[in-house]
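Engineer: Residues are numbered in our numbering as their position in the sequence shown, beginning at 1, plus a constant of 5. Ideal Cβ positions, reconstructed from N, Cα and C, are used throughout, including at glycine. The structure is given below, and queries will be raised subsequently.
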Amino acid sequence: MKTYERLLIENKVWAREKIQADPEYFNRLAQLQTPEFLWIGCSDSRVPANEITNTQPGEIFVHRNIANMVVHTDVNLLSVLDYAVTYLKVKHIIVCGHYGCGGIKAAMNNHDHKQVLNMWLRNIKDVYRLHREELETFTNEEAKTDRLVELNVREQVTHLAKTSIIQRAWQNEQRPDLHGWVYGLKDGIIKPVFEMKAGTVIDPLYTYDDL
Ligand SMILES: [Zn+2]
């Protein structure tokens with residue numbers, strides 16, 4: 006059997022189990038999606054949003070990319086954000102990084118990862134530069150990487166708050182709250198590291214006054 010064929014077989018097993026437990030399961034899900042959460046996570050295969058939060062299909066709207074970045078020119082991320090905030094009306098957005106993130110590690114060395122990875126990793130290098138003073142006090146490389154993971158999550162949450170999409174929702178509907186979390190690969194535990202409640206005052210340089 007080819008490896009991918011196993012996925013299709015397991016899919017049938019899963020679907021059958023779901024229907025056995027709840028005959029209306031798919032009918033209900035097919036009609037409506039009203040997730041309360043938007044998840045912006047890392048593409049890393051070890052950090053599946055639903056599994057680590059013990060949630061079901063329909064509960065979390067998900068966007069994933071390398072190192073859970075919020076890049077202001079990323080049409081994919083911005084489309085997901087706009088749809089989740091403006092139409093699904095999510096109440097919470099979670100940016101979830103993870104310790105030991107390969108994307109973060111890659112951005113901390115000087116290896117030429119070639120285009121297009123160099124372009125993407127440069128966004129993480131910018132976060133490093135903003136926090137260089139603190140990061141360069143670390144002598145343990147793993148601890149330094151983990152700290153950059155936390156600082157990166159924090160930075161990406163603030164990037165969300167700089168968008169007109171978020172600012173308009175904050176002004177008109179007092180939602181969503183923004184959360185920065187870090188998942189531990191070694192213990193499976195999520196650590197909240199940063200939060201911006203709806204309506205948080207941000208740097209006036211990035212505030213729109215005519216939304
Ligand atoms: Zn990662």
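Count the C-beta pairs between the stretch 104-112 and the stretch 59-69 that are closer than 8 Å, then say yes if the count reaches three, no if not.
Structural biologist: Segments in contact, no.
Engineer: Check this for me: beta carbons of Tyr104 and Val52, under 8 Å apart or not?
Structural biologist: Not in contact: Tyr104 and Val52 (Cβ atoms no closer than 8 Å).
Engineer: Any chance the stretch 89-102 sits against the stretch 179-187, with 3 or more Cβ pairs inside 8 Å?
Structural biologist: A contact exists between the stretch 89-102 and the stretch 179-187.
Engineer: Assuming Leu43 contacts Ala89 under a Cβ cut-off of 8 Å, what Cβ separation, rounded to an integer in Å, is found between them?
Structural biologist: So it is a contact: roughly 4 Å between Cβ atoms.
Engineer: Does DSSP put Lys167 in a helix, in a strand, or in coil?
Structural biologist: It is coil, neither helix nor strand.
Engineer: The beta strand (DSSP E) with Leu183 in it runs from where to where?
Structural biologist: Start and end: Asp182 to Tyr188.
Engineer: DSSP three-state label for Lys149, please.
Structural biologist: It is helical.
Engineer: Would you identify the three-state DSSP class for Phe143, choosing helix, strand or coil?
Structural biologist: Coil.
Engineer: Assign Ala166 to buried or exposed, taking buried as 16 or more other Cβ atoms, counted over all protein chains shown, within 10 Å of its Cβ.
Structural biologist: So Ala166 counts as buried.
Engineer: Considering only the beta carbon of each residue, do Ala148 and Pro181 sit closer than 8 Å?
Structural biologist: Taking 8 Å as the Cβ cut-off, Ala148 and Pro181 do not qualify as a contacting pair.
Engineer: Helix, strand or coil for Gly193 per DSSP?
Structural biologist: Coil, per DSSP.
Engineer: Could you check which residue in Thr142, Asn157 and Asn177 has the C-alpha nearest to that of Ile129?
Structural biologist: When each option's Cα is compared against that of Ile129, the closest is Asn157.
Engineer: Consider the C-beta atom of Asp79 and the heavy atoms of ligand 1; say whether any pair is separated by less than 7 Å.
Structural biologist: Flag unset: Cβ of Asp79 not near ligand 1.
Engineer: Could you tell me the distance, in whole angstroms, from the CA atom of Thr205 to the CA atom of Arg134?
Structural biologist: Approximately 25 Å between the Cα atoms of the pair.
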